[in-house]
Structures are given as C-alpha cells and as structure tokens.
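Visitor:
There are 4 protein chains.
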Amino acid sequence: MRAGRHFLQIPGPTNVPDRVLRAIAQPTIDHRGPDFAELALDVLRRIKPVFGTSGPVVIYPSSGTGAWEAALVNTLSPGDHVLAFETGHFATLWRDMAEGLGLVVDFVPGDWRHGVDPAVVAERLAADTRHRIAAVMVVHNETSTGVTSRVPEIRAAIDRADHPALLLVDTISSLGSIDYRHDEWGVDVTISCSQKGLMLPPGLGFNAISEKALAAAEGARLPKSYWNWAPFLEANERGYYPYTPPTNLLYGLREALALLESEGLPAVFARHDRHAAATRAAVRGWGLEVLCADEREHSSALTAVLLDEEHDANKVRQIILDRFDMSLGAGLGKVSGRVFRIGHLGDFNDLTLAGTLSGVQMGLELAGVPVDPGGIRAALEVLRA
Amino acid sequence: MRAGRHFLQIPGPTNVPDRVLRAIAQPTIDHRGPDFAELALDVLRRIKPVFGTSGPVVIYPSSGTGAWEAALVNTLSPGDHVLAFETGHFATLWRDMAEGLGLVVDFVPGDWRHGVDPAVVAERLAADTRHRIAAVMVVHNETSTGVTSRVPEIRAAIDRADHPALLLVDTISSLGSIDYRHDEWGVDVTISCSQKGLMLPPGLGFNAISEKALAAAEGARLPKSYWNWAPFLEANERGYYPYTPPTNLLYGLREALALLESEGLPAVFARHDRHAAATRAAVRGWGLEVLCADEREHSSALTAVLLDEEHDANKVRQIILDRFDMSLGAGLGKVSGRVFRIGHLGDFNDLTLAGTLSGVQMGLELAGVPVDPGGIRAALEVLRA
Amino acid sequence: MRAGRHFLQIPGPTNVPDRVLRAIAQPTIDHRGPDFAELALDVLRRIKPVFGTSGPVVIYPSSGTGAWEAALVNTLSPGDHVLAFETGHFATLWRDMAEGLGLVVDFVPGDWRHGVDPAVVAERLAADTRHRIAAVMVVHNETSTGVTSRVPEIRAAIDRADHPALLLVDTISSLGSIDYRHDEWGVDVTISCSQKGLMLPPGLGFNAISEKALAAAEGARLPKSYWNWAPFLEANERGYYPYTPPTNLLYGLREALALLESEGLPAVFARHDRHAAATRAAVRGWGLEVLCADEREHSSALTAVLLDEEHDANKVRQIILDRFDMSLGAGLGKVSGRVFRIGHLGDFNDLTLAGTLSGVQMGLELAGVPVDPGGIRAALEVLRA
Amino acid sequence: MRAGRHFLQIPGPTNVPDRVLRAIAQPTIDHRGPDFAELALDVLRRIKPVFGTSGPVVIYPSSGTGAWEAALVNTLSPGDHVLAFETGHFATLWRDMAEGLGLVVDFVPGDWRHGVDPAVVAERLAADTRHRIAAVMVVHNETSTGVTSRVPEIRAAIDRADHPALLLVDTISSLGSIDYRHDEWGVDVTISCSQKGLMLPPGLGFNAISEKALAAAEGARLPKSYWNWAPFLEANERGYYPYTPPTNLLYGLREALALLESEGLPAVFARHDRHAAATRAAVRGWGLEVLCADEREHSSALTAVLLDEEHDANKVRQIILDRFDMSLGAGLGKVSGRVFRIGHLGDFNDLTLAGTLSGVQMGLELAGVPVDPGGIRAALEVLRA
C-alpha cells in the first residue's frame, strides 16, 4: 500500500471516476424486471450520440476483443476477403482473429508510425473489380502507436472506388476521447469497449451498426451465438437482453454518460486535444521523438515516445513505476523496448497531466536518458495558454 | 425509491454482499502490471476448490451463456453429435446454441419435472456403438425448474457404456450453492458464471477443464477466437490474460471466495439444503405443489412452485413485487404462467428466507390462491430445528 | 463473516440504506469552498420540514448526547430549575447531564411504562407560581421503553398553566419515524441525531430552535463554546460552519433527505405505524406483554417486550444473535434482563419486519419462553391488510 | 462535474484514500455488540503509537475544536490561568475558547511567522513563582502559517523552570504527518482530529492523556458532560462508549491506521519532509517567500506562501480553482489576502505534489505574479534526488 493515488497512465484501462465506481457498487437487480428495462433503454439511447449514430448499438458483456469478433461474425461468411492495414499491434491482432475465423485477409504492411493510407485503400479497392473484398477493417486510434487514422478520408476513398465493401472501424481507444461520427462517416460497424474514453472498468464491448451492416448480417454465415446481433436487437427493443446482462457495468455506463453529457462531447474532445498537445510539447522539449510520424495523425488519447537504441523503454517504465507509482504503457510487438506510451485519455485533467509528465521527466533522468529538463515547462505553457 | 431493501429472490442474479460490491468499486489497475498478476493468480488458484478440481479454470469476461459457447467451440467440430436432455428452459436454450453452431443434437424429451435420467444416458450411449456422440450435455441444476440432475449417476452410466463421449456440465445455478465435484465426478468441462452462488454481479463466465477436454481441444475445429482456451491457459500461467481482463469483477471474485472460504463449502451447502427444505415445508404447508417431482432431485438453490390452472403465477409475482418489493422468478417457456420460482441461493440467511416466505404467503393470499397460512410456521420449524 | 445480511433491529443505529452509505463515501471537499456551501445550505433548508419548523436547525458533528448538552447550555444558566420526567433510561441520563452541568432538576418519578403525564406537567407548573422552572425536558419517544409521550398535550398543559418555561424535546428516536411538529407544537428546542429515523450512521446532532429559545440564549450563562448556537447561526447563513463540518455525513444526510422526500413524510409515518401495529400483533399473538402500558403511547419506532421473571431477556437476545444473526435492543437500567426491544424504524419494509418477527419467535422458542407460534401469522395479517 | 480528480491541497481536510472511504461505507453495527467492541479495542490500541503514547486516547464524535474544549474542561477550573502563544489563527481561536470557558489567558503576542519561543516559555514560567499558571497551551503545527513549534524544547523550558503547569498540545495538522511523541516529550494532553494526517473525513476528535493530566482531571471544576474523560475511560476498557459512538468513522480509522502501519511512521514522516522541502524549493525557485521565518520551524504538512502587497493571494487561489480545479488554503486572520497555503499532508505522493506545484506555478503566472518558471524544476530536482 503506497501513499497517494496510483497514476494509471496506460492508454486504458483509464482512471475510473469515483462516482462511476460507486454507481457500479449498486446492488444488482432483476434483469427481467421493470427497473432493469428502464436502465437498459436509457443507456442504449444515450450511448448513440457518443458513437455519432442514430442506429442501434449492441452492448455485450465482454472485452473489446469480443466486440471485434462480433463485428466479423455478424457480417461475414467463411472465406470472405477483407482488407486490413498493419498500423500497429492491435491491427495485427485483429488480422489474426479474422484469419482464425476463416476469413482471407489482405494485410497492407505498415511501419507502425502512420495510420491507414487512404490512397492505398482507394488503390486496393479499385483493383478489386470483382468486389471480392467484403469489408475494410480500420483501427481508428492505434493504441500501440498513438496514431489516429483519418476515417473520413478512408470513407471517401471507398466511395471514390465505388466499392460495396463494409467499413468496420475499431474505436476502442478513441471513443469518447477523439471526435468520431459513425453515421456521418459512413461506418458500417463501429467497435468499442468500456475501459478507455468511457471511463469504466473493462467488461463491456460495443457494436454500432449501420443499415448496410444489418442487411449484410442477413446473409453472413460465420457461426455465431453469443455475438449474434439479431436476438439483441429484438430483446433490446423492450430494454431486455438475450442473456444475463452486465447490470452493474451498465449502472456505471449510465453514470459515465452523465459525465460526458455534463462536460459536452466537444469540450471532451478539446480537452483531449489540449492534453495531447501539451504532452507532445514535453516530449519535444525533452529532445525526444514522438512515434507518430504524420502531423495529421497524432492521437489525442495517448502519445508513444520513441527512445534511441541505447535506452530501454521498459527500464524507464520500471523506474517510474517503482519510484513514482505510475504505470505507463509498454511498447508492444515490433516496438517492444523502444517505445513507452503515455495515456492521457478518459477522466483526466491538467494537473494530473502535469504530474504525469513530471514523473516521466524524472524517470527518464533517473534512467540516464539524456533529456532537457525544460520539457515540463513547455507542457505547462501549453496548459496555461 | 422504496423503503428498506429489495428482496431479490429470483434464482440469480443473487444478492451481492456489500463487501463484494465494495471490492468491485476499487480502482481499476494496469492489467499488465504486477498487482494484476497477483490478483489473477490468486483467484485462479482459489476458484479451483469451488469446482472441486485441481485442473485449470478459465474465467471469461462474459455471461454464463458465453461459457456455454466456450465449452462447445473448444471441444467439438462442425457436424459432431451431442446428446442433450430436455430438463427445462435452459437445457433447451443450450441445445439451440449447439445446433446454431453446427452440431447435431440428440435431444431427449422431458417433462420439466425431472432431471437427466441416468438410465437413458446409459441406453443412448450403449446404442451408439460407433461412438458418434462426441459429448453429453447436462444441466446440473435447471434454473427454470428447480431440479438437480444426479451427475455422479450420469457419470457412472457413461462409464458403464464404456463410451468416450465428453461430459459437459452446466453448473450455472449450482456452483457454490450445491455440492459439486468436477474431478471426482469425471466431468470434462464444467460451465458456470458469477451471478448465482458466487454472489457476484453478472459478467464472468467459467470453464473448468479436464485433461481429456484439453486433449479434445487439440482436434476441435469449430471456429473460435474470444473463447479459445489455448491463449488463456498460456497467459494465465503468469497471471495475465490474452485480452483485457474483467479486473473489477475479479476483485469481487477474490472477496466472494474469501466469504466462501470463511464459511466453508460444506457449511455453505448445508445452509442451502436447510433453506430449500424450509421452503418446501412452506410450499407443502400452503397446500401447494413443488414442480420437481423426484425427491432425489430437489434443488437446494431454488424452488419452483406449481399453481393450478385457475391461478396465474405472474399475477402472484406482480402482486408480490408491488406490495412487498420482492422479485421472484417467472415460469419460463413451457411452464410460463403456471410456475413461480423462489431463489434461495447465494448470500442468504434464515431471517431473509423467513421474510421471503412471508412475502410469498401474503402474496398468494392477496392473489386469491387458496393457501393454508400455516405454511410460514412449517418453514420456521425447519429453520429453528 | 456470516452469510446474508445482519438484521440490525436495535432501536438505532438503524439500517443505513446503501445509497446513503455510498453518498458518505464521496471524497471530502474544501469546507470553505463553494461546493460545500451549496451542500450545507441545501441540507439546512431541507431538514426543516422533517422537524416541522421554519426556523433554524443547527447540525453538530456529535452524537445525540451532544445535542442534549447543546440544548441545555444554550438556553440555561447555572442553578436554573428544570422539570423532567422519569420515563425511562434516556430521560434519566438526560437528567444526570442536567445536574452535572449545574442545573436543579425536579425529576418526576415514573414506572417506565408510561410517557410524561400532561396532568402532572400542568400541576407542577401551576405550583411554580414564581416561575423558577426555566425549562421542561421531555423525551418524545423513550428509546428504552417504546413509549411515546404526547407532546401536544404537554404543550397544552404548559399553556394552561400560563408558564413561561421553555419546552425542550428529545426526538432522538422519533424524528423521521413518528409524526413531529416543532413549530405547531410550540417546542423551543428539539434535539435529535442522525442514526435513527434519519437513516445515517451516528455522528450528527441536531437542535431545532424557536424564537423564544433564541431569546433565552441571549441571557444563558452556562459556559459553552463547541455547542454555542450563535456562531453556527451566523456561519450557516452563508453555508459555512464555525469549525470543520462533518462533510461526509452531510453528504449522507442529503441523500437520506431525498429518500424521505421521495416517500413523503406522511407515508413514512404511516409505514412506521403499520409496522408497529404488526409487531404488537405478534407480541400479543405470542401471549407476551408489550412494556408500554398506555394505548395512546405506543411507539411506532420500537416495541419493548416484557418477559416474566422466569425468563432472561438477554439470553433470548443472545440466542437470536447467535442463531439468526439479529441484534435486538437490551433492556436498560431498571428493566435490564426483563425486556428486549425490537427496533422497527428507519429504512425498513414489510418483509424485513416479517423476517425480524420470525427470528424473535424462533428465538423465544429456543430460549424456552412459552409462546404461541401463531404470533407471526397475526403480524402477517396486519401487514397483508 | 469536471473531468479528472479535484486537487484538494488545503491543509486539511486532506485527500481521503479510496480504501478509507470504502471502509466508512460499511454498514453500521450494534454499538453494544461484540463486533463493535472488537473494533473499538482495536483502534484504541493501534492509535497509541501514532501519538507516541502508551496511555489512554479518547476518541470523540466531534471536530478537532471539540477536542480542544475537552482538553480544557477536563483539566482546568474556572479562573485558572493558562499561558498561550499567538503563533497564528488557530492559536488565537483556542485562546478565545479558553477565555469563553472562563479561563484567564496570558497570551504572548507573535508575528505569525515563528513558533512558540521556548525562551519565552521559560521566562514566563520562571516569573510565575506562585505557580498560578495551570497549563501551557501550544499549537504544534500552526495550520494557518505553516510553522511547527519545537515541543521538546518547550518541554525542556518548562522543566528548567521546574514549573508544575500541564502541557497541552494541539497536533491537529501534524499528527500522522510530522514526528510527534506524547510520552517522550512529556505532553499532558495531546489534541487532534481525523481529517488531516489521519486521512479521514472530519468527525473524530482525539485527546491523548498523561497520568498527570488524569490526576489533574480529578480536581478540575469546569462543567463537562459530553467531553468528560471519566466515563470514556471506563467504557473504553471493554470496547464500548459512554454514548453512541461514531461507528463508521471508526471503520475508516481502522483502515487509515493499517495504511500508516503499512508505510511505517518513520517513512510517513520522511515523505512529508521531502514533500515540504520540494515545495519550499519551488517557492524559492519562483522567487517568492515562505511565511515561516525560522529554518528550524518549517512545517512538513503545509507551506504558506507570502505575496507582496501588490498581489491578492485570494485572486491567485480563485484562478487556480477555476482553471485547474485545485483548492488551496486561504490566508486567515491577520494574513488574509497576503498568504495562500499549500497542503502537502496526508495521503499524498510525488506526482500529485508535482501536479500541485505545476498548478500553483501556472496560477501565479495567470494572476500576474512575477515568478521564475524554473520553480517547478527545482521541486522536481528535490523529488528525483
């Protein structure tokens, strides 16, 4: 037991607000009774603006990985071709899942420092004259790299190619933190989960579903039961679930939605943008490099910091955990040991960011990484502005 | 907001102890850090005695329905034959799932008042000389009927037939309430969930897995990703998860296990047996009929009460909810409107049972069901003994 | 750790509703900041109707005993005469306090089975032609006996005597449970606390103060600092405190007030009346005697049960605690060992009362007290009506 | 509802750890039952090392102000002379209380930048050859100024004068944060409360009592009831209270004591010393002045920062509250508007301090106070060392 609060600055799970934790601690109720129906109808309605949709959103008792699977098995059939992009670790894992489920994945290689290239989307789809590609899989915000793909431009590329592929977008680490618009951007299935921008513990997976995706679901032949949208959409009509619902996390979701509504989504996004800008100011102030290589694609949810080969990012993280009781994200997969990730999403404010960046600066110094101690000052200048 | 505590006497979700709710309200931590590993290793170890196993138990972020699916997709291949029994509503739903996943189900009809007949098991397996039946699916405690199947006798029947079929057992409403022994009874996959005898909110699904099931998993060809045991067993070795774990419910599980350990499993089972006996004494004292028709198969977790055709069980439930703020279980499927179910499992004691049965008695009277008001006294005599 | 919820059926502290406990668990805030002022102004306003007053109510960080002291030291001077009544243990303790503080107490003896006799009040005041009696001290609901004094008749007696004495009333175990009207009944200081009808943990003491009491305070010369009304009334104007306020209990008070407002005070009182009637029906059904000897004075907050000399009430209580995990109130002072007390106040409902009375009945039987087991049925008939 | 956690950096109430808040949210129990006795005996024993005493500690349901009053009324008689020192606002308030209770206070004037001067203590006592001074009242850590008086030197001064006066010490903002030794330093009554170093909400007042104080209590004639030690010491023997105890705060105290024991008091004090040093480094780095004028007397619990006359400290505080959601302490009494106070006590760690000082730096800049932005860097250097 260490004094003070742990700084949970991984890019999710994020710091769960006290009031959300207290909401989750309410007694579980009868999931077939009227109070549950009221709760479910309420959150199913209020979650829609967060996705930017007027269509249905299914909320699973699952992690976000389950919501990935749900998106695939509800819309695709064995042997279907899908187009995916190696933007980082999670895009790679989603690719692996798709292959494991029997899909054929066209996986466009990437350097983990850029998002999905809309030009490549356009090119691949244009080349697919027989329309064998059933879906395009995009990770909106790559949690492993801090790179945010430009979904509207990807949508435009699909449209330019006049291709019927579904657009499946993973917003696991962007939803509720970075501006996102399921309907306006023509996304067919938006995948998300509870433990990032929604400020909840893990345990809820989400699918926002377009009309086109619903139509595709009718013919999709991947086997499914737990993830099947159809019984959800039917039961949700009356505020019920096809099986036992995650009641206590739904209590938490109702509270988290109240928090987002109270601050207002535009203010939430602006806050994340400011914090990301301050973080990049610190990183550059220290003389270090941000992993994301395209100014248009900086994530407002997390910042991955790239160290040179002489310094072990995991050693830096370990020092920071031991000395300052702060968890940072490790470099995953290809960038393991080279990168550490600072999460600045969810329930977060200026002074907690200042504490976070102070801890990173001191940890870098203690680890012997040469840094300019003016980094923290550069961040404060952004925050003060 | 009504005065006093709601009586949640459905057969699950059950009343979550305050200390479990408070445990769940702890701040979420880094699921890749050392504190999480300690938590996970702890609960993965301490859950084993509850299943009566020394083998692995996988804990999913899911409802119990997901754990059903996990048991099937990890052990079976498309087109496999399975033997199942119509013991009630949930056995029927599990059958539906198996069929939906592409299995061929031999579904033995039942009257919803008896458990699985071991003689029929023996007979069917003996007839399957080519060993086409890959698995026998049994619901240990039928939550829809209050009938507990005799798993050891079923095991013996399989053994007598010298049949290699796997034995898959659903303990969703029995685990932690009714004596159960995965290893001793030779069960291959035991399915369970969090919101019944484990006294947690919904959100965790469990599979306890035998050596034989692990071997079967190697050749199982149903597609799977989220439910795949292999990456779980590998990651769990070091206390991690293959994807984001349900951290806060695991906090709750740790606390719930401490409660079970403190009382001691034999005492827990004896308590449930006493409460079930007292409940049946009340039902018979009222002059009503228990749905379960075999004295060897009465459930210690819930009691389904059968009304005659002149009285609507749902009307009784509605009166009890409105007047006495108590939720009872509805009759499901075939027995809808004819039956109501009294849950007496989980975190429960004598006086809460006395209050529960008092509420049922008053509700029956108010609904015009002719009952002998000595029912409550008969129950108190059992409790006092 | 025992299974199920403890039955806390002492006449206070009462069962604190979960939502009040969660409210108390909110982070403490700056007691000189705007959020605190908003909280304090809110509860100071909303507490008034509970006392039936439009005047000021002071809320101390203290137990109810502190509120007793506050009432005395703010209104009286060393050597002042006060009239008090031996209605039970707490009236006696309050008398002791008054004497300890240097007041001269005229203590009218009583048999602990009746409330304050308005005729005696009239007589004593009439005899006090020189108006030496500065205050009349009345315990509205004697927590040790379950007898409720008739304050309006006492008021009328004072008025008939045309006597200027202040009327000080202890509502520690009646406020928020039994109809009470500070203004209408002409009470000068009403004393109360948090842990009974207000459904909070212990830690708040209350004084509701009439204009006449405020005027008396100007000349009162008992030394005082912590309890001094004047700095409270001044600081409370702007929502602040003269010293560090009990912030977290005030969070709880706000929530408890919301519960009372939601049910409505008349409904709250009617509920307590029904539960008290059902309890008396049980006691009489068992063939036992209620301590309160005047039908006009039965408490709706608790019922004291009188055993004959052959049976030890504390043994009954001990059996009930050991076997059924229920706490009942002991006989105090003069009636120690002869009486046990059933609390049925605060956050309470029909089925919890049924469980409570079931436990009492079983405990009496186990203790060898001859009782008619029809007692519980008699109670259920009242509850069902 | 603002995003992220509020920074409560007033010098108390301090940030209550989550686990303490959850402990407080446990259901209230029977204060006359065995579980309560176990709780009370446990905390009454474990609180002793925090005071550095092997003698009794009384825990009141009250604020710290009540504990002040308790120390006076238990040991003194009307007209007694006491020696007190104007070290700041709280010393002045305590003086006012003493006078209000009828004591004669010799109040040594001070400049609010120094602690009690042991030489003056020696001089005044030496001059009091008739031993009219019954007690010396010292505020250990002046919460209004951030100055810590040197109690051992004060004790030595009393001893040198060979004077029998009692030594009464207020440790309201030092206990559990700054090294303190009731027995070793020969203190007679140590006064404290819950909401500072003990990391609890307000609501508990403490008196640690020497043998000499107990002896003095026998002859003390100030009237007392609520604060009377005698019935406490008697009831506490068996783990009970003379009136209804503050059960839920005692739950919290048990948890807070576990936290202090887990870290270890020497580590707790060293942590506070480091944080205070880092804070002073920041203040001096900004080019500002610390109010405390004696290097031997810097408080490790809070730092008061003195602004020049051109800048309004309250404006700085308001900007910081509005922009950065941080509460700082106002200048009180004589230094109102000239001083703001940074609390760095209780449940606190390096990164929260870094965030705090970052917020102060930005707030000063926004308020137009000329500061060197290197202040934060100077603090980080101390923290990193």
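Protein chains in written order, with my numbering: chain A, 2 to 386; chain B, 2 to 386; chain C, 2 to 386; chain D, 2 to 386. Ideal placement from N, C-alpha and C gives every residue a C-beta, glycine not left out.
What does aspartate 309 of chain C touch in chain A if you count any residue whose Cβ is under 9 Å from its own?
Guide: Residues of chain A passing the Cβ test: none, with the nearest at roughly 42 Å.
Visitor: Three-state secondary structure (DSSP) at alanine 331 of chain B?
Guide: strand
Visitor: Pull up the distance between the alpha-carbon of histidine 1 of chain C and that of glutamate 124 of chain C, whole angstroms please.
Guide: Here chain C covers residues 2 to 386 and nothing more, so residue 1 of chain C does not appear.
Visitor: How many angstroms separate the CA atom of valine 190 of chain C from the CA atom of threonine 149 of chain C?
Guide: Roughly 18 Å separates the two Cα atoms.
Visitor: Closest to threonine 130 of chain C by C-alpha separation, out of C:Ala162, C:Glu296 and C:Val152, would be which residue?
Guide: C:Ala162
Visitor: For aspartate 81 of chain A, decide whether its Cβ has a neighbour in chain C, counting only Cβ atoms nearer than 8 Å.
Guide: No, its Cβ sits nowhere closer than 8 Å to a Cβ of chain C.
Visitor: Given that a residue counts as buried once 16 or more other Cβ atoms are within 10 Å of its Cβ, and exposed if not, what is glutamate 235 of chain B?
Guide: exposed
Visitor: Could you pull the DSSP bridge partners for phenylalanine 86 of chain D from this structure?
Guide: As DSSP reads the structure, phenylalanine 86 of chain D sits in a beta bridge with D:Val109.
Visitor: List the residues of chain G whose Cβ lies closer than 7 Å to the Cβ of phenylalanine 325 of chain B, in chain order.
Guide: Annotation note: the requested chain G is absent from the structure, which comprises protein chains A, B, C and D.
Visitor: Going along the chain, which residues of its own chain have a beta-carbon closer than 6 Å to the beta-carbon of leucine 9 of chain B, five neighbours each way excluded?
Guide: Asn16 and Ser328
Visitor: Output, in sequence order along the chain, the residues in the region 23-48 of chain C whose CB is closer than 8 Å to any CB in chain D.
Guide: Residues passing the 8 Å Cβ filter: Arg23, Ile25, Ala26, Gln27, Pro28, Thr29, Ile30, Asp31, His32, Arg33 and Gly34.
Visitor: Please check the pair valine 389 of chain A and leucine 251 of chain A, which I expect to be a contact at CB under 8 Å, by giving their CB distance rounded to whole angstroms.
Guide: This structure cannot settle anything about residue 389 of chain A, because the visible part of chain A is limited to 2 through 386.
Visitor: Give me, in chain order, the residues of the same chain whose beta-carbon lies closer than 6 Å to that of leucine 258 of chain C; leave out the 5 immediate sequence neighbours on both sides.
Guide: Arg47
Visitor: How would you call glycine 13 of chain D, buried or exposed, if buried means at least 16 neighbouring beta carbons within 10 angstroms?
Guide: Glycine 13 of chain D is buried by the Cβ-count criterion.
Visitor: Can you check which of these residues, A:Trp228, A:Leu384, A:Ala279 and A:Arg385, is closest to tryptophan 69 of chain B by C-alpha distance?
Guide: A:Trp228
Visitor: To the nearest whole angstrom, what separates the beta carbons of glycine 116 of chain D and glutamate 296 of chain D, a pair I think is in contact under 8 Å?
Guide: Not confirmed; about 12 Å, so no contact.
Visitor: Under 8 Å between C-beta atoms, does isoleucine 11 of chain B make it to chain A?
Guide: yes
Visitor: Who are the near neighbours of proline 388 of chain B in its chain, counting only those whose CB is closer than 7 Å to its CB and skipping five residues on each side?
Guide: With chain B represented from 2 up to 386, any question about residue 388 of chain B goes unanswered, as that position is not in the structure.
Visitor: When the cut-off is 8 Å and only beta carbons count, does valine 340 of chain D lie next to chain C?
Guide: No - not a single Cβ of chain C is within 8 Å of the one on valine 340 of chain D.
Visitor: Counting only Cβ pairs nearer than 8 Å, list the residues of chain B close to valine 8 of chain C.
Guide: It should be noted that the sequence gives phenylalanine, not valine, for residue 8 of chain C. Here the neighbours are Leu352.
Visitor: Does leucine 199 of chain C come within less than 8 Å of chain D when only Cβ atoms are used?
Guide: no
Visitor: Who are the neighbours of aspartate 19 of chain B on chain D, taking C-beta pairs under 9 Å?
Guide: In chain order: Ala26, Gln27 and Pro28.
Visitor: On the criterion of 16 or more Cβ atoms from any shown chain inside 10 Å, does serine 337 of chain B qualify as buried, or is it exposed?
Guide: By the 10 Å Cβ count, serine 337 of chain B comes out exposed.
Visitor: Which ranges would you report for the beta strand (DSSP E) in the region 171-206 of chain D if only whole runs of at least 3 residues count?
Guide: Runs of beta strand (DSSP E) with 3 or more residues, each lying fully within the region 171-206 of chain D, are found at 190-194, listed in chain order.
Visitor: Of the residues A:Ala277, A:Thr76 and A:Phe91, which one's Cα is nearest the Cα of leucine 333 of chain A?
Guide: A:Phe91
Visitor: With 16 other CB atoms within 10 Å as the buried threshold, where does asparagine 311 of chain B fall?
Guide: The sequence given here has glutamate at residue 311 of chain B, not asparagine. Result: exposed.
Visitor: Who are the Cβ neighbours of proline 57 of chain B in its own chain at under 6 Å, not counting the five residues just before and after it?
Guide: Cβ within range, chain order: Ile210 and Leu234.
Visitor: Cβ atoms of serine 263 of chain A and glycine 178 of chain A: under 8 Å apart, would you say?
Guide: It should be pointed out that residue 178 of chain A corresponds to serine in this sequence rather than to glycine. It is not a contact, given that the beta carbons lie outside the stated cut-off.
Visitor: Is the beta carbon of tyrosine 244 of chain A sitting closer than 8 Å to the one on alanine 41 of chain A?
Guide: no
Visitor: Would you mind reading off the limits of the beta strand (DSSP E) that contains threonine 304 of chain D?
Guide: According to the DSSP assignment, threonine 304 of chain D belongs to the beta strand (DSSP E) that extends over 303-307.
Visitor: Along chain A, in chain order, which residues have C-beta atoms closer than 7 Å to that of leucine 250 of chain B?
Guide: Gly204
Visitor: Is glutamate 143 of chain A buried or exposed, if buried means 16 or more other CB atoms sit within 10 Å of its CB?
Guide: buried
Visitor: Do you know whose CA, among A:Gly253, A:Leu104 and A:Val291, lies nearest leucine 303 of chain A's CA?
Guide: A:Val291
Visitor: Beta-carbon within less than 8 Å of glycine 103 of chain B's beta-carbon, same chain only, minus the 5 sequence neighbours each way: which residues are those?
Guide: Pro79, Gly80 and Leu223
Visitor: Under a CB-based cut-off of 8 Å, is alanine 196 of chain B close to chain A?
Guide: Contrary to the premise, residue 196 of chain B reads as glutamine rather than alanine in this sequence. Chain A contact via Cβ: present.
Visitor: What number of angstroms, rounded off, separates the C-alpha of leucine 381 of chain D from the C-alpha of isoleucine 320 of chain D?
Guide: 23 Å
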